[in-house]
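Trainee: Numbering (this note's numbering), first residue to last: 67 to 496.
Yeah, the Cβ is synthetic: ideal placement off N, Cα and C, and Gly gets one too.
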């Protein structure tokens, strides 16, 4: 084969193959490219849930089936659309083929969107129960999705002739709609059920209990899905003859659009594989218009004196204060005679007050001056009178008054009648 002619034999990947054998050699001047296939690594999109609700609306525009029509009580309709339980009441039997309607406008929270999607996927489900007293006639209702007055998805409820006491689940499969139409309030979910009699089936009215309504709205985050291979084959004129998507060159795969190249380079921002951006609300990393990722700047700290946080080389440091010590009124030990009190004072910045008090390990009763009890209550001042006796331990104070931290108690009888007028008493810890 000439070096100027077909330099590549046709290959086959999956069901994608060249439409014919490799083109024959041609003369070099003006020769056409050979029919060949090329494979490109891509990454598809990952769906994420968008916050969505449905609010009741007038169902009149959707009266497109049944002989006669009635709207469900808006209060009941609102309860059902909020995933509660509601009843479609039976007709009085005077309206042949009557159906009762519920309709709800789909709303989404724009703050829950990521990136710039142009469309979303909507699905819904609901449970209905025939309360009787009559069976339903044929296909007895509809669960549908509308865009304005145009039906997007209409699914009739079945099985036919559901008996009294029977159950059915209505489902709207995932359906793609323009995001702009959702934001404009044009997307509507509709449910109608046969509540009247039906002369054709010779059945009477019936009541329905409806519950378990679930509305799901999803959008796609580009580039956050699975990597896959896209094989494209072209003929000798360069026209694409077929395209196949696979996971590994042989396993077929249906990618979620949109897809982006695994290897990309935009304005100097080169990545071997574009990283995914988390859809979590707390993620502050963003992708710029140049394709690069941008992290937020170092946070600025509030200069308030209440703010003890600071920036360090290792990140944001928030100090922690652990306090240990004795509670107010406690003693440092039976061998010591000083109490240290630490109390917190409200305010900003937070302040701490530290105080010290003398606390005798033991004390005495002075029998000469009306038995002044030096084992006074904490915080009480008692006079220290002259006494010919001495304490068996060191005196608590050398001033005219002293404050002691021991708890007072009744003096022992022996001390009260002692001719010596003094006695010792062990200190009682507070």
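Can you name the residues that DSSP bridges to residue 135?
Mentor: As a first step, residue 135 must be located in the chain shown, where it is residue number 69. For residue 135, which the question treats as bridged, DSSP gives the partners 165.
Trainee: Going by DSSP, what residue range makes up the beta strand (DSSP E) through residue 253?
Mentor: Sequence index remark: in the chain shown, residue 253 carries index 187 (1-based). Residues 253–260.
Trainee: Rounded to whole angstroms, what is the Cα-Cα separation between residue 56 and residue 132?
Mentor: The chain is shown from 67 up to 496; residue 56 falls before or after that span and cannot be answered.
Trainee: At the level of alpha carbons, what is the spacing between residue 273 and residue 289?
Mentor: By 1-based counting over the chain shown, the position of residue 273 is 207. By 1-based counting over the chain shown, the position of residue 289 is 223. Residue 273 and residue 289: Cα-Cα distance of roughly 49 Å.
Trainee: Which residue comes first and which comes last in the beta strand (DSSP E) that contains residue 240?
Mentor: Position 174 of the chain shown, counting from 1, holds the residue named residue 240. 233–244 is the span of the beta strand (DSSP E), which, as asked, contains residue 240.
Trainee: Do the region 233–249 and the region 151–167 make contact, defined as three or more Cβ pairs closer than 8 Å?
Mentor: Touching, no, given that fewer than three Cβ pairs across the two stretches are closer than 8 Å.
Trainee: Rounded to the nearest angstrom, what separates residue 208 and residue 280 at their Cα positions?
Mentor: The residue you call residue 208 lines up with position 142 of the chain shown. The residue you call residue 280 lines up with position 214 of the chain shown. Going from the Cα of residue 208 to the Cα of residue 280 covers about 16 Å.
Trainee: Which whole-angstrom value describes the C-beta separation of residue 193 and residue 278, a residue pair presumed to lie in contact below a C-beta threshold of 8 Å?
Mentor: As a position in the chain shown, residue 193 is number 127, starting the count at 1. As a position in the chain shown, residue 278 is number 212, starting the count at 1. Contact holds; Cβ gap of about 4 Å.
Trainee: By how many angstroms is the C-alpha of residue 308 removed from the C-alpha of residue 316?
Mentor: Locating residue 316 in the chain shown gives position 250, counting from the first residue. Locating residue 308 in the chain shown gives position 242, counting from the first residue. Residue 316 and residue 308: Cα-Cα distance of roughly 15 Å.
Trainee: Could you tell me whether the region 168–177 touches the region 111–119, using the rule of 3 or more Cβ pairs below 8 Å?
Mentor: Enough Cβ pairs lie closer than 8 Å, so yes.
Trainee: Do you know how far the Cα of residue 125 is from the Cα of residue 375?
Mentor: Along the chain shown, one-based indexing puts residue 375 at 309. Along the chain shown, one-based indexing puts residue 125 at 59. Roughly 57 Å separates the two Cα atoms.
Trainee: Where does residue 325 sit, in a helix, a strand or coil, going by DSSP?
Mentor: The sequence position of residue 325 within the chain shown is 259, counting from 1. Coil, per DSSP.
Trainee: On the DSSP bridge assignment, give the partners of residue 105 in chain order.
Mentor: Residue mapping note: residue 105 aligns to position 39 of the chain shown, counting from 1. Beta-bridge pairing links residue 105 to 297.
Trainee: Could you pull out every unbroken alpha helix (DSSP H) segment of at least 4 residues lying fully inside the region 149–237, listed in chain order?
Mentor: Listed in chain order, there is nothing to give.
Trainee: Would you call residue 351 buried or exposed, if buried means 16 or more other Cβ atoms sit within 10 Å of its Cβ?
Mentor: For the purposes of this step, residue 351 is taken as the residue at position 285 of the chain shown. Exposed, since its Cβ has fewer than 16 Cβ neighbours within 10 Å.
Trainee: Residue 226 and residue 204: beta carbons closer than 8 Å?
Mentor: By one-based count along the chain shown, residue 226 stands at place 160. By one-based count along the chain shown, residue 204 stands at place 138. A contact, by the Cβ cut-off of 8 Å.
Trainee: For residue 291 and residue 112, which I take to be in contact (beta-carbon distance under 8 Å), what is that distance rounded to the nearest angstrom?
Mentor: The residue given as residue 291 occupies position 225 in the chain shown. The residue given as residue 112 occupies position 46 in the chain shown. At roughly 4 Å, the Cβ-Cβ gap stays under 8 Å, so residue 291 and residue 112 are in contact.
Trainee: Going by DSSP, name the residue or residues bridged to residue 114.
Mentor: As a first step, residue 114 must be located in the chain shown, where it is residue number 48. Paired residue(s): 285.
Trainee: Could you give the first and the last residue of the continuous beta strand (DSSP E) run that contains residue 376?
Mentor: Taking the first residue of the chain shown as 1, we reach residue 376 at position 310. First-last of the beta strand (DSSP E) with residue 376: 376–378.
Trainee: Please classify residue 141 as buried or exposed, where buried requires at least 16 neighbouring CB atoms within 10 angstroms.
Mentor: Translated into the one-based positions of the chain shown, residue 141 becomes position 75. Counting Cβ neighbours within 10 Å, residue 141 comes out exposed, since fewer than 16 surround it.
Trainee: Can you list, in chain order, the residues of its chain whose CB lies under 8 Å from that of residue 165, leaving out five sequence neighbours each side?
Mentor: Along the chain shown, read from residue 1 onward, the residue named residue 165 stands at position 99. Hits under 8 Å: 131, 132, 134, 135, 136, 207, 258, 259, 260, 261 and 262.
Trainee: Return the first residue and the last residue of the alpha helix (DSSP H) that residue 143 is part of.
Mentor: Start at 1 with the first residue of the chain shown, and residue 143 comes out as number 77. That run of the alpha helix (DSSP H) goes 140–147.
Trainee: By how many angstroms is the C-alpha of residue 159 removed from the C-alpha of residue 251?
Mentor: Against the chain shown, residue 251 aligns to sequence position 185. Against the chain shown, residue 159 aligns to sequence position 93. One C-alpha to the other measures close to 36 Å.
Trainee: Measure the CB-CB distance between residue 228 and residue 271 and report whether it falls below 8 Å.
Mentor: Working through the chain shown from its first residue, we reach residue 228 at position 162. Working through the chain shown from its first residue, we reach residue 271 at position 205. Not in contact: residue 228 and residue 271 (Cβ atoms no closer than 8 Å).
Trainee: Quick check on DSSP: helix, strand or coil for residue 303?
Mentor: For this step, residue 303 is matched to residue 237 along the chain shown. Residue 303: coil per DSSP, three-state reduction.
Trainee: Does DSSP put residue 371 in a helix, a strand or coil?
Mentor: On the chain shown, position 305 is the one that residue 371 refers to. Coil at residue 371, not helix or strand.
Trainee: Would DSSP call residue 264 helix, strand or coil?
Mentor: Translated into positions along the chain shown, residue 264 becomes position 198. In this structure, residue 264 counts as strand in the three-state DSSP scheme.
Trainee: Figure out for me which residue from 123, 373, 285 and 106 has the closest Cα to the Cα of residue 182.
Mentor: Sequence index remark: in the chain shown, residue 182 carries index 116 (1-based). Cα-wise, what sits closest to residue 182 is 285.
Trainee: On the DSSP bridge assignment, give the partners of residue 121 in chain order.
Mentor: Here residue 121 refers to the residue found at position 55 of the chain shown. According to DSSP, residue 121 bridges with 171.
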